[in-house]
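Novice: All the letters of the sequence shown, read from the start, carry residue numbers 3 to 407 under my numbering. For every residue, glycine included, the Cβ atom is placed at its ideal position computed from N, Cα and C. Structure in structure tokens, see below.
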Amino acid sequence: MGTGLSTDRLQRIDRHLTENYIDAGRIYGALTLVARRGEVAHFSALGLMDAERNKPTELDTIYRIYSMTKPITAVAMMLLYEEGKFQLSDPLSDYLPEWADTEIWVSGEYPNFKTRPLDRPITIRDLLSHQAGLTLGFFDNAVDRAYPPMLREQQHHLGHYGETDLEGMFAQVAKVPLRYAPGTAWQYSVALELCGYLIQVITGKRFDVFLKERLFAPLGMTDTAFNVPDEKLDRFSANYAPADAGGIEMVDDPVTSKFRETPTLFSGGGGLVGTALDYYRLCQMLLNGGELDGERILGRKTIELMTTNHLPNGESITDRALPGMFNTIKHQSVGYGLGMSIGLAPAVSQIVGSAGQYAWGGAAATTFWVDPVEELAVVFMTQLKQSPYSIPRELQVLVNAAIVD
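In structure tokens, the structure reads:
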């Protein structure tokens, strides 16, 4: 049967990225992997991964995947769900009692908050679907300002939180009132970091160890980790951001990067590095219904549950997002499942693809999506923080245009 993808049309991806982004000085390099029906049809490395050292992008270049860590953490949670370790409707306080007395912010600044009791407890599903009342800790409102300073400081080194650990960070966050009542809104937050801590509490294993043993090793994700060891440094990309004077500038040198250090806090929301091929293996496992190369990770029905919209009444992220707060999704008709976005109606979102495709991205302009209808998995890697560009939407057009059967 083959992939049903046109090789000639897939080449448009490289031409588009080269002409409109690399040659234009908007990014230095990029890596795109497109697979259909379990077969890689396009795997292309373009430009430079480290312009200062004139190092070309390679197929095994290691990238900071930032928030593409979140779907991995969600999968790890669902491993425990399948073992009966929790129900999605369980109150968080059943496992972390320090959250039992949490209240909802009404007015005031720390420490003189006016709060009210919860209407209902925070549930584990609330965490996995960003409906728990939590926030990120670096926006301009009273609740964010009361979050631990490490959360504001880590904007500059996303995924690295200084000298604390998960227990220490969430001991502080648990003392801050919720931004909104659980289940009443959608707000991007530290909820997936909290899931990493929950995994530690439930299993008694450090979060990074659990991921390596239960997910990365079985899937052969050999380069995905919370740090880059010395022997892999030559494969580690530099990270860039738009410069005030125009063009782009390095903001994280691979040689001096904090990602060379083993962190004390293993961030399930943004702490991982990895390769495109590693992430594709995760995507293909999901697309296969939970299995890859003879290794069963999850059951098919669990993946169906994860990749269903969990926002009430079939609503979208833009319907549920708090006014004036950070929203990673600007398009209508994109919902949210457990750890990733869910496409609802392509004609409304104006994102070509199938209803039910799931996706997420990272802070340095990385992205992935999986389209179960078309048996399609796509991973895109670059390193550009604060990207003003719409590369993921452009890739959706280019990839889907290559489907010829």
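According to DSSP, simplified to helix, strand and coil, what is Arg38?
Specialist: In the structure shown, Arg38 sits in a strand (DSSP, three-state: E or B).
Novice: When the distance is taken between beta carbons, is Leu153 closer than 9 Å to Leu194?
Specialist: No, the Cβ-Cβ distance between Leu194 and Leu153 is not below 9 Å.
Novice: Assuming the contact rule is C-beta atoms closer than 8 Å, Tyr360 and Ser335 should be a hit. Round their C-beta distance to whole Å, please.
Specialist: At roughly 14 Å, the Cβ-Cβ gap does not stay under 8 Å, so Tyr360 and Ser335 are not in contact.
Novice: Does DSSP put Glu60 in a helix, in a strand, or in coil?
Specialist: coil
Novice: Rounding to the nearest angstrom, what Cα-Cα distance links Leu33 and Lys332 in this structure?
Specialist: Between Leu33 and Lys332, the C-alpha separation is close to 25 Å.
Novice: Closest to Val178 by CA distance: which of Pro113, Gly40, Met3, Gly292 is it?
Specialist: Pro113
Novice: For Gly206, which of Phe140, Val253, Val354, Tyr97 has the nearest alpha-carbon?
Specialist: Comparing Cα positions, the closest option is Tyr97.
Novice: If you count every other CB in all the chains shown that lies within 10 Å of the CB of Gln388, and 16 or more means buried, which is it?
Specialist: exposed
Novice: Identify, in the order they occur along the chain, each residue of the same chain with its Cβ nearer than 8 Å to the Cβ of Lys234, setting aside the five sequence neighbours on each side.
Specialist: Excluding sequence neighbours, Lys234 sits near Ile64, Asp225.
Novice: Count the CB pairs spanning the stretch 282-293 and the stretch 253-269 that are closer than 8 Å, and state whether there are at least three.
Specialist: no
Novice: Taking 9 Å as the threshold (C-beta atoms), are Thr9 and Ala37 in contact?
Specialist: no
Novice: Decide if the stretch 86-106 is in contact with the stretch 197-205; the criterion is three or more beta carbon pairs, one per stretch, under 8 Å apart.
Specialist: yes
Novice: Sort Gly292, Pro374, Pro325, Asp92 by Cα distance to Leu200 and report the nearest one.
Specialist: Comparing Cα positions, the closest option is Asp92.
Novice: Please report how far the alpha carbon of Thr166 lies from the alpha carbon of Tyr149, in whole angstroms.
Specialist: 14 Å
Novice: Quick one: what's Tyr30 bridged to in DSSP?
Specialist: In the DSSP output, where bridge partners are listed per residue, Tyr30 has none listed.
Novice: What residue range is occupied by the uninterrupted beta strand (DSSP E) comprising Lys303?
Specialist: Per DSSP, Lys303 belongs to no beta strand (DSSP E); it is in the alpha helix (DSSP H), 302-308.
Novice: Shortest alpha-carbon distance to Pro184 belongs to which of Ala365, Arg122, Pro348?
Specialist: Arg122
Novice: Would you kindly work out how many angstroms separate the C-alpha atoms of Val310 and Glu54, rounded to a whole number?
Specialist: Position check: residue 310 holds Thr in this sequence, whereas Val was assumed. Distance between the alpha carbons of Thr310 and Glu54 is about 43 Å.
Novice: Does the count of Cβ pairs from the stretch 360-378 and the stretch 393-405 closer than 8 Å reach three?
Specialist: yes
Novice: Rounded to a whole number of angstroms, what is the C-alpha to C-alpha distance between Leu378 and Ser356?
Specialist: 10 Å
Novice: Are the beta-carbon atoms belonging to Gly139 and Asp146 less than 9 Å from one another?
Specialist: yes
Novice: Does the Cβ-Cβ distance between Asn229 and Pro265 come in under 9 Å?
Specialist: yes
Novice: Could I get the ranges of all uninterrupted beta strand (DSSP E) runs contained in the stretch 67-123, with 3 residues as the minimum, in chain order?
Specialist: 105-109, 116-119
Novice: Considering only DSSP beta bridges, list what Leu48 is partnered with.
Specialist: Partner(s): Ala32.
Novice: My guess is that Glu297 and Leu221 are in contact by the Cβ rule of under 8 Å, so how many angstroms apart are they, rounded?
Specialist: The Cβ separation is near 7 Å, so the contact holds.
Novice: Report the residue from Met252, Asp128, Asp232, Tyr281 whose alpha carbon sits nearest the alpha carbon of Asp52.
Specialist: Met252
Novice: In this structure, does DSSP put Arg181 in helix, strand or coil?
Specialist: Arg181 falls in the coil class under three-state DSSP.
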